[in-house]
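**Student:** Numbering (my numbering), first residue to last: -15 to 301.
Pasting in a structure now, in structure tokens, and then I'll have a few things to ask.
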């Protein structure tokens, strides 16, 4: 009996690679837990359509927006872990929202990480009327005028708020948070001078056009379109990282060989010149991390944003 069990297990182990090699044999579905046309939807489609071409199967994108992405995430959690179901995701879904409200998923147990795909370029911009041309000057101005500098965000508990709270904490200043219903509304008020500062992707074209002053890039390197703007980290802030990135998850139980093959296809897709060009036009850049590295990044950023939320007294009220 023991001999028969041993050889049976050996046979299953030998069969596992051929199972992965046969994948995919049909269309792959990706749930996008946000409305069509948003940054998650656009970036995910650019990368995964190319990955599907490399794998020889088309990708079916299913937009299920609502509840800060949690509606679609809950649906994805309950899909069969057969290698034909995936979930597009964001840093907010995995490392921020869980610290602000009860959510219907456990990001650590209900999904396996596949790959981080891309990251949005983001910047700190201020209105031209603010008497500062560098981040150091802005911090000095904010310290001298506590409570008089307002920064806008895309909404309560968003990553765009947390970057502002992070600067408050690290620089010892007291900017006042003004939440909006989306980034575009905040940027319009920044252009109009109703608020003085904003961390976001939507400020970038206005920095290029000279309508706003760019003080810092959020990320590990400078923005190629405006290389004279230093990163936050170069200026002594944002030391722990934190960026607005997009990735891919699979339901827990999805075979690891399939996860690895999908990750490899994504890595190859991100090396394609046309994918790089499309991401750049959409304000994003390739920032590939494989399954294990993505999981480590999620864990690190979850701790970091939890600390900012706690120290900044961030709530959804």
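Backbone N, C-alpha and C define an ideal beta-carbon position, used for all residues, glycine too.
#1: Go ahead and label residue -13 buried or exposed: buried means 16 or more other beta carbons lie within 10 angstroms of its beta carbon, across all protein chains shown.
#2: Could you check what DSSP says for residue 263 in three-state terms: helix, strand or coil?
#3: My parser needs the alpha helix (DSSP H) runs of 4 or more residues fully inside the region -9 to 69; what are they?
#4: Which same chain residues end up closer than 7 Å to residue 295 when comparing Cβ atoms and leaving out the 5 residues on each side of it in sequence?
#5: Going by DSSP, what residue range makes up the alpha helix (DSSP H) through residue 250?
#6: Thinking C-beta only, is residue 104 closer than 7 Å to residue 268?
#7: Judging by CA-CA distance, which residue of 230, 200, 212, 235 is the nearest neighbour of residue 220?
#8: When the Cβ atoms of the region 68 to 84 are set against those of the region 203 to 217, are three or more pairs found closer than 8 Å?
#9: Can you list, in chain order, the residues of its chain with a C-beta nearer than 7 Å to that of residue 260? Leave out the 5 residues immediately preceding and following it.
#10: Answer yes or no: do residue 141 and residue 84 have a C-beta to C-beta separation smaller than 7 Å?
#11: Would you check if the region 85 to 102 and the region 40 to 50 touch, i.e. whether three or more CB-CB distances between them fall below 8 Å?
#12: Using the C-alpha atoms, what's the distance from residue 16 back to residue 60?
#13: Applying the criterion that 16 or more other CB atoms from any shown protein chain within 10 Å of the CB defines a buried residue, is residue 235 buried or exposed?
#14: At the level of alpha carbons, what is the spacing between residue 130 and residue 246?
#15: Just tell me which of 75, 101, 107, 258 has its CA closest to the CA of residue 283.
#16: Could you check whether the region 106 to 118 touches the region 185 to 199, counting it as contact only if at least three pairs of C-beta atoms, one from each stretch, sit closer than 8 Å?
#17: When we look at the beta-carbon of residue 176 and count the other beta-carbons within 10 Å, is it buried (16 or more) or exposed?
#18: Could you tell me the alpha carbon to alpha carbon distance between residue 218 and residue 239, rounded to whole angstroms?
#19: Grouping DSSP H, G and I as helix and E and B as strand, with all else coil, what is residue 174?
#20: Less than 7 Å separating the beta-carbons of residue 222 and residue 179?
**Tutor:** So, to answer that:
#1: With a pLDDT of 46 at residue -13, under the threshold of 50, the modelled position of that residue is not reliable, and no figure is offered here.
#2: helix
#3: 23 to 39, 54 to 61
#4: 153
#5: 240 to 253
#6: yes
#7: 200
#8: no
#9: 270
#10: yes
#11: no
#12: 9 Å
#13: buried
#14: 50 Å
#15: 75
#16: yes
#17: exposed
#18: 41 Å
#19: helix
#20: no
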